[in-house]
Every structure is written in structure tokens, then in C-alpha cells.
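Structure first, then comments.
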Amino acid sequence: VAASWGVKATARSGADGRWEVMLKTPAGGYDPQRITIAGDGRVELNDILIGEVWFAAGQSNMEMGVQGFHNCPIARSNEVIARADARRGKIRYVKIPKTASYTPEERVAGRWNEFSTETAPLCTAVGYFFAEMLSRALDVPVGVIDSSWGGSRIECWTPREELETYPDIDLSEKAIAELPDYMRPMAMYNAMVYPLTRYTVRGFLWYQGESNIGRHTEYAARMADMVAGWRAQWG
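The numbering used here puts the sequence shown at residues 26 to 260.
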């Protein structure tokens, strides 16, 4: 594995085909970089920016794009969208599709988008305004991974190990299947969080809580459990 900024590393895959290398990255900057992976074949990853990546998750408050929702406008959205091409090359985002799984998944779909007038309307508004502020303050590119699902409860985003300590949660496959897809405990963690835990992120943005109304007295403890589970996975 060789990077355009002058570092390289080698690895031998295990019997299952898995391998891993660590590459030291340079200071953040806007010059596109390249990584070449050569083995039996050759793969080139191009247009890589060095900066910060933040993981944004939650319910519809996080999912809402810069264009807003019906009857839920975003202040200055038309101006932000019209001027978005000026942020091209500085802010990127990837929208993780709504996916659920009873067991942890290794992969999930999604691709990076340049923030531009064309893509801005559907970019998470919370993620964008955070990334814009951070990019200006640090003068480095900022990427946002948007992993959100409207109406979801915190238990949907929590690892099994934490949920097993909750007496009110039935983790049997039958019980979970009987719930609406946006209310299934651990299903979003397994499909929309766990596959991304090998991706280096600077931190998390979390915007959720309304769907846990009625059980609000236990929310603070459950949020702490979820965060602890995420931190353990990301190290």
C-alpha cells in the first residue's frame, strides 16, 4: 500500500482474506491525495483529502437536509445552497442508506459527495453547519458521515451488549421483527454503525431523543451506555 504523500506499508492477508496496514498521514490540507493498493491486482483510491471526519447520527433532526422538510424550513437554506459550490473541495458528506440487521454487518453502502449546489439540498443540515464552522476554524477539509433514521429510538443505535442489561427490551429475532423498522433495537447499530467502526473519526454528533418520550427518566443513562459502546468499538 503506497500513498502519494510518500509513505508505504505491506501486509499479508489471513486465511479469511482480511488484512490491515497503518499509514501515517500528513497535516490536513486541500491537495487531493492518492492511495495505491497492489497485490494480485491493483486498486487506486483517488481524490483523497486529509482532514477531519465526524460521525453524525440520530433521528429526523439529524436526517433533515439543508433544504429542510415540508413545513420545517432551514434558515438561510436558499443562500447556502446557492453558494455551496464555494465550499466544494472543503466539505464532503456521505449518506448511509437506511439499513437494519439482526446481526452486526461488515459492509454498508454509501459514497462520498462533494458539497456543492447540486448535492447541498440533501446534505444533513446539522452536519453541514457544523462542518462549515469547523473547516473555517481549523482550515482543513471536513467530512461528515450521516447515519440517521427519522423516528428512531436510542435503543436502535445501541450495541447488543448494552441492551442485554435492559429488562424492558426483548432481543429475540421474533420480537424485533414485530416492531416497525424504525423502532427495532440494535438493528441500526448493527447495519449503520458497526460496519463503519474501522473508519477513523474525530468524534460524534448525536441528535435524537424525541422518540424516547415517555421513557425520558432513563434516557440519560441509556445515552451514556450507547456512547460507551461506540467509544469501545472505535477505540
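For every residue, glycine included, the Cβ atom is placed at its ideal position computed from N, Cα and C.
Heavy atom of the ligand GDP within 7 Å of residue i beta-carbon
i, result
"residue 37", "In the structure shown, the ligand GDP is absent, as is every other ligand, since no ligand is present at all."
Where residue i sits in the DSSP three-state scheme
i, result
"residue 198", "helix"
"residue 232", "strand"
"residue 239", "coil"
"residue 41", "coil"
"residue 48", "coil"
"residue 136", "coil"
"residue 129", "coil"
"residue 68", "strand"
"residue 220", "helix"
"residue 255", "helix"
"residue 247", "helix"
"residue 82", "strand"
"residue 27", "strand"
"residue 36", "coil"
Outcome for residue i when other beta-carbon atoms lying within 10 angstroms are tallied against a minimum of 16
i, result
"residue 214", "buried"
"residue 224", "exposed"
"residue 217", "buried"
"residue 250", "buried"
"residue 94", "exposed"
"residue 197", "exposed"
"residue 177", "buried"
"residue 181", "buried"
"residue 118", "buried"
"residue 254", "buried"
"residue 49", "exposed"
"residue 52", "exposed"
"residue 188", "buried"
Residue j beta carbon less than 8 Å from that of residue i
i, j, result
"residue 159", "residue 90", "no"
"residue 142", "residue 169", "no"
"residue 220", "residue 132", "yes"
"residue 73", "residue 60", "yes"
"residue 226", "residue 76", "no"
"residue 171", "residue 152", "yes"
"residue 2", "residue 37", "For the chain, the structure presents residues 26 to 260; residue 2 sits outside this window and is missing."
"residue 211", "residue 184", "yes"
"residue 233", "residue 83", "yes"
"residue 79", "residue 230", "yes"
Integer Cβ distance of residue i from residue j, believed to fall under 8 Å
i, j, result
"residue 92", "residue 102", "6 Å"
Interface flag, residue i vs chain D, CB-CB below 8 Å
i, result
"residue 209", "Annotation note: the requested chain D is absent from the structure, which comprises a single protein chain."
* Counting only runs that start and end within the segment 91-115, where is the alpha helix (DSSP H) found for 4 or more residues in a row? -> 102-107
* Asked: Fully enclosed by the segment 138-209, which beta strand (DSSP E) runs are 3 residues long or longer?
  -> 167-173
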